[in-house]
Every structure is written in structure tokens, then in C-alpha cells.
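Peer 1:
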Amino acid sequence: MDVGIVGYGVYIPRYRIKVEEIAKVWGMDAERVKRGLSLEEKSVPGLDEDAATLAVEAARNAVKRSGINPQDIGAIYVGSESHPYAVKPTATIVAEAIEATPDLTAADYEFACKAGTAGIQTCVGMVGSDMIKYGMAIGTDTAQGAPGDPLEYTAAAGAAAVIVGKNGGQTIAAIEDTYSYTTDTPDFWRREMRPYPKHGGRFTGKPAYFKHVLSAAHGLLRKLQLTPKDFTYAVFHQPNGKFPVQAGKELGFVKDQIMPGTLVQKIGNTYSGASMIGLAAALDQAKPGERILVVSYGSGSGSDAFSILVKEGVEAKRDIVPKVADYIDNKIYIDYSTYAKFKQLLVR
Amino acid sequence: MRKVAIIGVGLTKFGELWDVSLRRMMLEAGARAIEDAGIDGKKIDAIYVGNMSAGQFISQEHIASLIADHAGLTPIPCTRVEAACASGGLALRQAVITVASGVHDIVVAAGIEKMTDVLTEQTTEALITAADQEWEAFVGATFPGLYALMARRHMYEFGTTEEQLAKVAVKNHHNACSNPCAQYQMEITVEDVLNSSPVTTPLKLLDCSPITDGAACVILAPFDRAREFTDTPILVAGTGQASDTISLHDRSTLTGIAATNKASELAYKMAGVGPNDIDLAEVHDCFTIAEIMAIEDLGFCKKGDGGKVTERGETAIGGQIPINTSGGLKGKGHPVGATGIAQAVEITQQLRGEAGKRQVSGAEIGLTHNVGGSGGTVVVHVMRRGD
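Note that the protein sequences, when read in sequence, are chains W and V. Positions 1 to 348 (my numbering) are the ones given, in order, by the first sequence. Positions 1001 to 1387 (my numbering) are the ones given, in order, by the second sequence.
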């Protein structure tokens, strides 16, 4: 596989709501919730933000960081479970905004929280087979959690974009290989016309998240004949603070490998954005020669695992646009009533 | 009336068995019991299966036929028995009566529940159908709520404390740690219980038995034929069943279950023993308060002393009267229809001396106590070594 990453960019809305603020409204014990989810606060999209605007911000950062001509992008795939339109695509909005139109193919993907990494795989295939020069994959979400549902503490907003191209002077990291593990496991779903997802409670753990994440990681390690020691960073989908750490430990990774790409404590679960923002955070600090494992998870269910080897070019491109930490630190706390207004729970 | 013996027992793992169907659980428990009895399946004459609500949990009624069919045992009679959480105990009693009457010789008593295929709130709704719909469920009662009322009254009348309630859960989790079939093989502390999420005052999450999938099976034979199959037949020496008002508010007391008094009185009388003769018991600890009331109502201690007796460790293995050595409903798990049979499995293994690390030394006589709803049905069995 002679394909790599030529640029990446993220975007996280600046609004935050703390667990305490949500717990207060529902009469829950905030300390217990924080301990249970291993999470402090989550990001909240502003009134004028949606999955499309988040995707555009991340895509612009990725193009700027890569230094490529957006007209050379031959494909854009946007993965999300909160696309603003049920029928017209988000990908065309992004393509138009970054001036990649009209010589490209574009489509929206949906696979719960792993639609973005599914887009990376498509781009890898298309670039690798010389169908296109560059492909862009985006994971973006303004996640929905019903008021009062445990999901409300974690369902957050964020986006990440990755531009895939042939390995060479421009690549900042090589995608060594990818492996997916997929079954029909309905642990979390949202039916047509329903505003909020439903979930199987504890069923979302062992037979869903852990089975797929661990199987995908094992599959990739086996395929590449690598062990956890060969990786500096291990990034997992992060629906809460506990799952990625537990998954990593079961695979044989230690906290120093897991924590740099685990951001859920500070921004919540950004759904399709989550594992890709984690990858971006690892790229933000990785040195050439270091290796990153990324394992996404999408309910329904599947996991995509990637082994990414960091290249020389990474440092030169790092500071061109804001990094993950810059977005995490740039925050404004809001109370539940403002949150309710932003989430349009209050309608005039 | 013929004497009846247990010649084989089988149990599935209890827990969230998301990848195991009801029919597969039943076959697993059944196959283990058949293997344990060393019997040819063709010799089985009839099946009784306790099941509270496959209709609500997995939309499958008529599981009697399903089980006979998938066990390859058609055309023998198979009967489903329902008395809410006492369905298993009642299936055992029906099977015992059938063998005792001489109608059948080799009879299977099974119990099964598949509870985790639906969401927790749906499970709660299904379970409360065992209470009075018009007078309890419609006004919002749930089983934790009903048992909390009993707990509050017990605390008020007898000074029972939340710490004493917690000790029940701590002991049962400890026992479950030595039971490979148990759902929760982990120790907890009194502080863990007291700090767990409030459910309905004074009951916290760790005062409540869990939602569980599981199946259990025992095989019965006339006592005088039992030696054909086993060297250690377990005699079902006494069986007792009693009913009471389905609604809690129609009872004369909230601090005990009258049907437990009555059913145990019948079972003791039939077995020719009293509470002091019992070496160990599996009681219906659907909530911690239920175990405290059970040991009082069964006569193991004075009314009102259940909390203190528990606090002193008298109900632990090695204590005066070990209670719920299997881990009970709290630690082992509570697949409602299977619970009554699983209790008989535990007592059988204990009396045979096959209970491993949780063995009560020198156990000769054991008791099972299975409650339906808040006490509308109670089934008690007394068992003793048959050699």
C-alpha cells in the first residue's frame, strides 16, 4: 500500500457544558456520572453550526495544512450521523466551500461513529488504484442525545478531515495498512424521522464496542505482524473515557500510548469525529518514525483499524493551522438553558 | 404417595447471555442434567418448565412445545408453569407431585428466563405484571418500590438498618465468587452498597437482584428407583405451597410474607423436620430486605432479628444457618423462571458434597424458598440426603 496522509485538519466548537450542569437539571449525582463515564465536559455546537459547517471548517484546515491545490481533490466523502439533509449531501457543501468543484466525485457516508474512517478507506482504494490524485475523508457530527438520556452527558460536536495521497514528498504519514471487522449488531440506532437515537444500554459494551474494536485491532496487528510495542500511540473510538482505556489495556497498550489520542474527557464523544480527532491529536505531537494505531467503532456494528507511520514532513506542516489542543483550550462555558437554546430544545 | 428423589441437575451460566437463545439455554441446562443423571433421554416421561414471561421478554409463548420439540422429546407431555418469580419452584412442585402420584416415573423440572433481549425499562414493565395491575402497577408501583415499602416498615418496627441490608448483598456476592455459574463473581463492600445509585429509598442498586438470562434443570425419579441412576439421590422430603393477596396493601403486615410461613409449615410437616433441623437454605433474596424477611418467616430466627442475625455473620458459610451459598438471586443472578429450579440445583450439589469452595460441611438437610411477586405465591421445598 503506497498511500499516505498529505494533510489533516480538525474543528471543535468552542462552547462547553460541564457534567455538573446537566446532572443538576436531571437530579443526578454529578460526581457519580463523572466517575462512571470518566468525563468532565463536552463540546456544544453554536446556534448557527451543524455537521456541514463543522465539516467545512475541518476541511479548510486540512487543505491549508496540506498545501495542495483543492482542485486536485478527486473525491470527498463525509461521514456523519447528523447530516443536515436526509437526501442532499453534505459532501457537495464541503466541496463547494473549499473550491474543489466540479471535477470530483462526492458522497455522504453513514455508519454511526465510523463513517469517517470508512471514507478514509475509500480514498485509500481510489488513490492507490490511481483513480484520483487526492481524496478527502471527513468525520463530522453534532451528536444527538435525548434530554435526560445518559447520552446527553457525552453527545458532543466536532469534525476532522484527512487528505489521502500517494506516498512521496508531500505525505506526512504513510497508511501502512487497514483492516475492518463488521457484523450486524444493533446496539445503537436511530430510525428515520426520529430525533434521538436509542441504545441497548449495557449491550453497547462487551458484544458491541469491545468485540469489534478488539477484533479489528487484533486483525490488523496479525496482518502486519506487529505488537503493541511497535506503536507510540493507540487511538480508539471514545464514546466515554473508560472504553478506550479498557480496550487499549486489553490489547496490551499502556496509558502513555492511549491518553494522547483520548480527548473525550474534555470534549465529549464527537461521534464520527472522535477517532479521527484522536488521530489528529497524535499527529499534532508525533515524531517522524513513530507509529499510530487508530481503531474506529460504528454501532451496528463495525471497526476500521489503521496502522499509520509518521514521516519527515509532519513537523513542517504542524503549525500552519490550529491544532487539536488549540480548539480544546478555546472554550466558553454555557449553562443548561443556553445549551437548550443552542440545541433548539427551546423553540420560539 | 411415592417418595421422590432428584437424580440429576444442570445449570447454564447465569448472566447477560446476549448470544444464546432461550431454546439453546434450555438444551444446555437439560443436557447437563441428563449427563449428570447418566440417563437416556428416551426414559424421560414428562417435562414441567417454569417460565414467567417469554411472551413479554422474547414474544414467544407456548414454550412447552418449543422445548419438547428442540430437546427431541416429542411426543411426551410438556407443561409450562407460571407463578411469576416462583414459576421455577412451582414447576418443581408439579413435577414432584406427578412422580409421587405414580402417573409418571422420570420427570424433568426445568426453569428458564431470557430477560436481556429487551431494554431495562421494558423488563421492569414486564416484571410488574406480576403485581396487581389495577391497584399497584397502574399507579406506578414497581417491585423495587413494593419491597422498599416492606423495608421501611421493617426498619421502623424492628430497627433494621441499611448497613444490615447491605450485609446481605456483601455476603451473597462473596458466595457467588465461588460459584462458576454466577453472574457477579466479584466482592463488594458495605460502603459499595451504601454508595451505589439510589433506586427507591432505602434500596440502592446493590440491594437489588439483577436482570439475568439463565436456565436450570433437575431430573426426578421415584425414590425407590433412584439408585439405578445415582449413588447420592437427594430426597425431596417436603413440598409446600401457599398463596396470599396479590397486592401488598391488602396484607395485615408489611414486615413479613404470610405465604412463606404457611408454605414452610406445610413443607416442614411433610418432611417431619423443623427450622432447627435445616443445615442450609436458598431463599428468595430478590432484594436484600427479602432475605431478611425470609429467614424470619422460615423460622431460622425470631421475627425482627433478621438484620441482626445477618450482621453477626450467622447466615454466612460457616455460620449458624448458611443462606444462599450459591450467591442467591443477588449474586448468582435472577432469571425469574429459572430461579426456583436453580435453588434446587444448589441444595442438591451441597447435599451431595459437590459444592467446592462454597461447600457447607456436613450438610444433610436443605431448604429452598421461592417467592412470586411480593408474596402472592410461595413455594418451599425441604430436601435431604437419601443415602
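Just so you know, even glycine gets a beta-carbon here, dropped at the ideal spot from N, CA and C.
Go ahead and pull the three-state DSSP assignment for W:Lys166.
Peer 2: Counting from 1 along the first sequence, the entry for residue 166 of chain W is found at position 166. Three-state result, W:Lys166: strand.
Peer 1: Quick check on V:Cys1217: does DSSP put it in helix, strand or coil?
Peer 2: Position 217 of the second sequence, counting from 1, holds the residue named residue 1217 of chain V. V:Cys1217: strand per DSSP, three-state reduction.
Peer 1: Using a Cβ cut-off of 7 Å (strictly closer), state whether V:Thr1012 contacts chain W.
Peer 2: Residue 1012 of chain V sits at position 12 when you count from the first residue of the second sequence. Cβ-Cβ to chain W under 7 Å: no for V:Thr1012.
Peer 1: According to a CB-to-CB cut-off of less than 9 Å, which residues of the region 141-157 of chain W neighbour chain V?
Peer 2: Cβ contacts with chain V: none found.
Peer 1: Determine whether the Cβ of V:Trp1135 lies closer than 7 Å to any Cβ atom of chain W.
Peer 2: Within the second sequence, the letter at position 135 stands for residue 1135 of chain V. Taking Cβ atoms only, chain W never reaches closer than 7 Å to V:Trp1135, which makes this a no.
Peer 1: Does any residue of chain W have a CB that is nearer than 7 Å to the CB of V:Thr1120?
Peer 2: By 1-based counting over the second sequence, the position of residue 1120 of chain V is 120. Output row for V:Thr1120: interface = yes.
Peer 1: Figure out for me which residue from W:Asp2, W:Ile93, W:Pro195 has the closest Cα to the Cα of W:Lys133.
Peer 2: Along the first sequence, one-based indexing puts residue 133 of chain W at 133. Ranking the options by Cα distance to W:Lys133, first place goes to W:Asp2.
Peer 1: Taking the C-alpha atoms as reference points, what is the distance between W:Ala118 and W:Ala274?
Peer 2: Start at 1 with the first residue of the first sequence, and residue 118 of chain W comes out as number 118. Start at 1 with the first residue of the first sequence, and residue 274 of chain W comes out as number 274. Those two C-alpha atoms are separated by around 13 Å.
Peer 1: Would you mind telling me which residues of chain W sit closer than 8 Å to V:Glu1162, beta carbon to beta carbon, in chain order?
Peer 2: In the second sequence, counting from the first residue as 1, residue 1162 of chain V sits at position 162. The contacting residues do not exist; V:Glu1162 stays about 17 Å from chain W at best.
Peer 1: Tell me which residues share the same chain as V:Ala1355 and place their Cβ nearer than 6 Å to its Cβ, disregarding the 5 neighbours each side in the sequence.
Peer 2: As a working mapping, residue 1355 of chain V is identified with position 355 in the second sequence. These residues qualify, in order along the chain: Gln1349.
Peer 1: Pull up the DSSP beta-bridge partners for W:Lys42, would you.
Peer 2: Along the first sequence, one-based indexing puts residue 42 of chain W at 42. Answer by DSSP bridge pairing, in chain order: W:Ile17.
Peer 1: In terms of alpha-carbon separation, which member of V:Arg1153, V:Ile1347, V:Tyr1048 lies closest to V:Glu1364?
Peer 2: Here residue 1364 of chain V refers to the residue found at position 364 of the second sequence. If we check each option's Cα against that of V:Glu1364, V:Ile1347 comes out closest.
Peer 1: Does W:Leu47 pass the burial test, meaning 16 or more other C-beta atoms within 10 Å, or should it be called exposed?
Peer 2: Reading the first sequence from its first residue, position 47 is the one you call residue 47 of chain W. W:Leu47 should be labelled exposed.
Peer 1: Counting only Cβ pairs nearer than 7 Å, list the residues of chain W close to V:Glu1016.
Peer 2: For this step, residue 1016 of chain V is matched to residue 16 along the second sequence. What V:Glu1016 touches in chain W: Arg202.
Peer 1: If you measure from the beta carbon of W:Pro102 to each beta carbon in chain V, is any gap under 7 Å?
Peer 2: Position 102 of the first sequence, counted from the first residue, corresponds to residue 102 of chain W. With 7 Å as the cut-off, W:Pro102 does not count as an interface residue toward chain V.
Peer 1: Taking V:Lys1330 as the reference, which of V:Gly1041, V:Val1170, V:Asn1051 has the closest Cα?
Peer 2: If you number the second sequence from 1, residue 1330 of chain V lands on position 330. With distances taken between Cα atoms, V:Lys1330 lies closest to V:Val1170.
Peer 1: Measuring alpha carbon to alpha carbon, tell me which residue in W:Asp130, W:Ala58, W:Pro288 is nearest W:Ile138.
Peer 2: For the purposes of this step, residue 138 of chain W is taken as residue 138 along the first sequence, with counting starting at 1. Selected option, being the one with the closest Cα: W:Ala58.
Peer 1: Is V:Ala1263 near V:Val1081, with beta carbons less than 7 Å apart?
Peer 2: Walking along the second sequence from the start, residue 1263 of chain V turns up at place 263. Walking along the second sequence from the start, residue 1081 of chain V turns up at place 81. No. Outside cutoff.
Peer 1: Report yes if the CB atom of V:Val1378 is closer than 7 Å to the CB atom of V:Ala1216, and no otherwise.
Peer 2: Position 378 of the second sequence, counting from 1, holds the residue named residue 1378 of chain V. Position 216 of the second sequence, counting from 1, holds the residue named residue 1216 of chain V. No.
Peer 1: Count the other C-beta atoms from every protein chain shown that fall within 10 angstroms of the C-beta of V:Ala1343, then say buried if there are 16 or more, exposed otherwise.
Peer 2: Position 343 of the second sequence, counting from 1, holds the residue named residue 1343 of chain V. In the sequence as displayed, the identity of residue 1343 of chain V is Gln instead of Ala. Its Cβ being crowded by 16 or more others within 10 Å, V:Gln1343 is buried.
Peer 1: Between which two residues does the beta strand (DSSP E) carrying W:Ser307 extend?
Peer 2: Along the first sequence, one-based indexing puts residue 307 of chain W at 307. Unbroken beta strand (DSSP E) run through W:Ser307: 300-310.
Peer 1: Going by alpha carbons, who is nearest to V:Lys1114 out of V:Ala1091, V:Glu1035, V:Ile1063?
Peer 2: Locating residue 1114 of chain V in the second sequence gives position 114, counting from the first residue. For V:Lys1114, the nearest C-alpha among the options comes from V:Ile1063.
Peer 1: What number of angstroms, rounded off, separates the C-alpha of W:Lys88 from the C-alpha of W:Phe342?
Peer 2: Within the first sequence, residue 88 of chain W is the residue found at index 88, counting from 1. Within the first sequence, residue 342 of chain W is the residue found at index 342, counting from 1. If I take the Cα positions, the gap works out to 24 Å.
Peer 1: Would you kindly check if the distance between the Cβ of W:Lys18 and the Cβ of W:Glu41 is under 7 Å?
Peer 2: As a position in the first sequence, residue 41 of chain W is number 41, starting the count at 1. As a position in the first sequence, residue 18 of chain W is number 18, starting the count at 1. Closer than 7 Å, so yes.
Peer 1: From V:Gly1376 to V:Ala1290, what distance separates their C-alpha atoms?
Peer 2: Along the second sequence, read from residue 1 onward, the residue named residue 1376 of chain V stands at position 376. Along the second sequence, read from residue 1 onward, the residue named residue 1290 of chain V stands at position 290. For V:Gly1376 and V:Ala1290, the distance between alpha carbons rounds to 14 Å.
Peer 1: Span of the beta strand (DSSP E) holding V:Met1155?
Peer 2: Translated into the one-based positions of the second sequence, residue 1155 of chain V becomes position 155. No beta strand (DSSP E) holds V:Met1155; the alpha helix (DSSP H) holding it covers 1143-1158.
Peer 1: Just curious, the beta strand (DSSP E) that V:His1369 is in, first and last residue?
Peer 2: Locating residue 1369 of chain V in the second sequence gives position 369, where the first residue counts as 1. Segment 1365-1372, the beta strand (DSSP E) holding V:His1369.
Peer 1: Ordered along the chain, which non-local residues of its own chain (more than five positions away) have a Cβ less than 8 Å from that of W:Val164?
Peer 2: The residue given as residue 164 of chain W occupies position 164 in the first sequence. Hits under 8 Å: Val3, Gly4, Ile5, Val6, Ile120, Cys123, Val124, Val127, Tyr134, Gly135, Met136, Ala137, Ile175.
Peer 1: Can at least three beta-carbon pairs, one atom from the region 1305-1312 of chain V and one from the region 1175-1186 of chain V, be found at a separation below 8 Å?
Peer 2: With a cut-off of 8 Å, the region 1175-1186 of chain V and the region 1305-1312 of chain V do not count as touching, because too few Cβ pairs lie within range.
Peer 1: Classify V:Thr1325 as helix, strand or coil using the three-state DSSP reduction.
Peer 2: As a first step, residue 1325 of chain V must be located in the second sequence, where it is residue number 325. Coil at V:Thr1325, not helix or strand.
Peer 1: For the candidate residues W:Asp319, W:Thr183, W:Ala51, W:Val294, whose alpha-carbon lies nearest to that of W:Val78?
Peer 2: Mapped onto the first sequence, residue 78 of chain W falls at position 78. Nearest option by C-alpha distance: W:Ala51.
Peer 1: Applying the criterion that 16 or more other CB atoms from any shown protein chain within 10 Å of the CB defines a buried residue, is V:Val1139 buried or exposed?
Peer 2: Position 139 of the second sequence, counting from 1, holds the residue named residue 1139 of chain V. With fewer than 16 other Cβ atoms within 10 Å, it is exposed.
Peer 1: Rounded to a whole number of angstroms, what is the C-alpha to C-alpha distance between W:Ala217 and V:Ala1316?
Peer 2: Walking along the first sequence from the start, residue 217 of chain W turns up at place 217. Walking along the second sequence from the start, residue 1316 of chain V turns up at place 316. Straight-line Cα distance between these residues: approximately 45 Å.
Peer 1: Hey, which unbroken runs of the beta strand (DSSP E) at 3 residues or more fall wholly within the region 243-322 of chain W?
Peer 2: Segments of the beta strand (DSSP E) lying fully in the region 243-322 of chain W: 291-295, 300-310.
Peer 1: Output the distance between the C-alpha atoms of W:Trp26 and W:Tyr196, rounded to the nearest integer angstrom.
Peer 2: Your numbering for residue 26 of chain W matches position 26 in the first sequence. Your numbering for residue 196 of chain W matches position 196 in the first sequence. Their Cα atoms are separated by approximately 18 Å.
Peer 1: Could one say the Cβ of W:Pro207 lies closer than 7 Å to chain A's Cβ atoms, at least one of them?
Peer 2: Chain labels in this structure do not include chain A; the protein chains are W and V.
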